[in-house]
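Student: For the sequence shown, the positions run 1 to 306 when the numbering used here is used.
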Amino acid sequence: MAQITQPITPAGPRHSTPTQKPGRRRLRSGGAGKQQSGGPIAYAFLVIATLISLFPLYWTVVAASRTGPELDTPPTPLLPGSHLIENLKIVWDQVDMTKALINSTIVAGFVALSTVMFATLAGFAFAKLEFRGRNALLTVVVATMTIPPQLTVIPLYQIITDVGWVGHIQSVILPSLVAAFGVFFMRQYLSEALPIELIEAARVDGAHSLRIIWHVVFPIARPAMAVLGMLIFVQSWNDFFWPFIALNQQNPTVQVALAGLGSGDHTIDHAVVVCGALVATLPLLLVFMVLGKQIVGGITAGAVKN
């Protein structure tokens, strides 16, 4: 056997590769699946964008801790005052804010859960099941998103009047149990994220439709369900038009209660109104803190196509 007497050198050009700094090399070689790092300019831009985004919330806290004349007199205050507790007492004295928060939590939570459930089932049917008239029905569902809600107010109010639901929160919940946007959103997500092979494999194993939905569809659709639930919860929480018509100040949601807030003899106390808006915003921030990871993950999963 011949012996190797010379060291083996790798093929290719003999000139050495120029040395690169680690950070710059990551930026240039960042392909799919590789993490890229930003430079000082990117961090500075993110810090500035974060401060600009948080400034309205900060100024809401500042205005809620001031008095009405301080807000109405220039210059606009930029530092917190000492009247936050006093304004909170006025808010609770003028409207039943506790009941409004409870009603809004019930309405927004129930509407979000029902919309996510029905939209996921309908989206799965439109995405993966074959039945006659599927495309025509999907077109009808999408077309309903073009109808302004103002057109349905009169017949809807006539219906809740006939059944005696005026002033009750079920008059706000039942018309919003499912949304066409949610059906279309889940249909688009499941069309891309749910392979038909998984459904066929589950059927071969003997799983019935409900078991397939529970063990296959729901786990895959979980990120999109979290995003849709958050969007519907925020929309229902901030909804003012229909609750203002269907409810009253004796049984309000948060937005209806804010409409009756801050009214004095002849002027409106803007500090009290802003303080009420701050109270109405805090539950939304809490929901985002709880579901923020799922929401960002769902948005990222929808933006990246494998």
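Note that the Cβ used here is the ideal one computed from N, Cα and C, for glycine as well.
In this text the structure is predicted, and so the values were computed from the model without any measurement.
(1) Starting from I213, follow its DSSP beta bridges and name the residues at the other end.
(2) Below 8 Å CB to CB, which residues in the same chain sit around L71 once its five sequence neighbours on both sides are set aside?
(3) Rounded to whole angstroms, how far is the Cβ of A144 from the Cβ of A119, which I believe are closer than 8 Å?
(4) To the nearest angstrom, how far is the alpha carbon of V287 from that of P56?
(5) Identify whether F131 lies in helix, strand or coil by the three-state DSSP scheme.
(6) If you check the beta carbons only, do A108 and W242 fall under 8 Å apart?
(7) Have a look at V61 and A112 and give me their C-alpha separation to the nearest angstrom.
(8) Look at the alpha carbon of E197 and the alpha carbon of A125, and state the distance between them as a whole number of angstroms.
(9) Short check: CB of I169 to CB of N103, under 8 Å?
(10) Given a threshold of 16 other Cβ atoms within 10 Å of its Cβ, counted over all protein chains shown, does I52 qualify as buried or as exposed?
(11) Out of Y189, W92, V290, R203, state which residue places its alpha-carbon closest to the alpha-carbon of T127.
(12) Do three or more CB pairs link the segment 246-261 to the segment 86-101 at distances below 8 Å?
(13) For I245, which of helix, strand or coil comes out of DSSP?
(14) Give the C-beta separation of L291 and M230 to the nearest angstrom, bearing in mind that I take them to be a contact with Cβ-Cβ under 8 Å.
(15) Nearest-angstrom Cα distance between T105 and G164?
(16) CA-CA distance, R24 and G39?
(17) Anyone know if the C-beta pair for T146 and I232 falls short of 8 Å?
(18) Counting only C-beta atoms, is V272 closer than 8 Å to chain B at any point?
(19) DSSP on L291, reduced to helix/strand/coil?
(20) F184 and V141 look like a contact to me (Cβ under 8 Å); what is the Cβ gap, rounded to whole Å?
(21) Whole angstroms is fine: what's the gap from R222's alpha carbon to F244's?
Tutor: On the basis of the data shown:
(1) Locating residue 213 in the sequence shown gives position 213, where the first residue counts as 1. DSSP lists no partner for I213.
(2) Along the sequence shown, one-based indexing puts residue 71 at 71. If we look at L71 and ignore the five residues flanking it on each side, its Cβ neighbours are A63, P77, H270, A271, V274.
(3) As a position in the sequence shown, residue 144 is number 144, starting the count at 1. As a position in the sequence shown, residue 119 is number 119, starting the count at 1. The amino acid occupying residue 144 in the given sequence is Thr; Ala does not appear at that position. Not confirmed; about 13 Å, so no contact.
(4) Here residue 287 is taken as the residue at index 287 of the sequence shown, counted from 1. Here residue 56 is taken as the residue at index 56 of the sequence shown, counted from 1. Looking at the two C-alpha atoms, the distance is approximately 19 Å.
(5) Here residue 131 is taken as the residue at index 131 of the sequence shown, counted from 1. The answer is coil: DSSP assigns F131 none of H, G, I, E or B.
(6) Against the sequence shown, residue 108 aligns to sequence position 108. Against the sequence shown, residue 242 aligns to sequence position 242. Not a contact, by the Cβ cut-off of 8 Å.
(7) The sequence position of residue 61 within the sequence shown is 61, counting from 1. The sequence position of residue 112 within the sequence shown is 112, counting from 1. For V61 and A112, the distance between alpha carbons rounds to 28 Å.
(8) Working through the sequence shown from its first residue, we reach residue 197 at position 197. Working through the sequence shown from its first residue, we reach residue 125 at position 125. Taking the straight line joining both Cα atoms gives about 16 Å.
(9) Locating residue 169 in the sequence shown gives position 169, where the first residue counts as 1. Locating residue 103 in the sequence shown gives position 103, where the first residue counts as 1. Contact flag set, yes.
(10) Along the sequence shown, one-based indexing puts residue 52 at 52. I52 is exposed by the Cβ-count criterion.
(11) To locate residue 127, count along the sequence shown from 1; it is residue 127. A small correction: the amino acid at residue 127 is Ala; Thr does not occupy that position in the sequence shown. Per the Cα distances, Y189.
(12) yes
(13) On the sequence shown, residue 245 is found 245 positions in, with the first residue counted as 1. Here I245 sits in helix by DSSP.
(14) One-based indexing of the sequence shown puts residue 291 at position 291. One-based indexing of the sequence shown puts residue 230 at position 230. That pair is a contact at about 5 Å.
(15) If you number the sequence shown from 1, residue 105 lands on position 105. If you number the sequence shown from 1, residue 164 lands on position 164. C-alpha separation (whole angstroms): 23 Å.
(16) Here residue 24 refers to the residue found at position 24 of the sequence shown. Here residue 39 refers to the residue found at position 39 of the sequence shown. Because the pLDDT at R24 is just 45, under 50, the model does not fix this residue reliably, and the value given afterwards should be weighed accordingly. Between R24 and G39, the C-alpha separation is close to 9 Å.
(17) Against the sequence shown, residue 146 aligns to sequence position 146. Against the sequence shown, residue 232 aligns to sequence position 232. No; because the gap between Cβ atoms is not below 8 Å, this pair is not in contact.
(18) You won't find chain B in this structure, because it holds only one protein chain.
(19) Here residue 291 is taken as the residue at index 291 of the sequence shown, counted from 1. L291: helix per DSSP, three-state reduction.
(20) For the purposes of this step, residue 184 is identified with residue 184 of the sequence shown, where counting begins at 1. For the purposes of this step, residue 141 is identified with residue 141 of the sequence shown, where counting begins at 1. Yes, they are in contact, since the Cβ atoms of F184 and V141 sit about 7 Å apart, within 8 Å.
(21) By one-based count along the sequence shown, residue 222 stands at place 222. By one-based count along the sequence shown, residue 244 stands at place 244. Roughly 33 Å separates the two Cα atoms.
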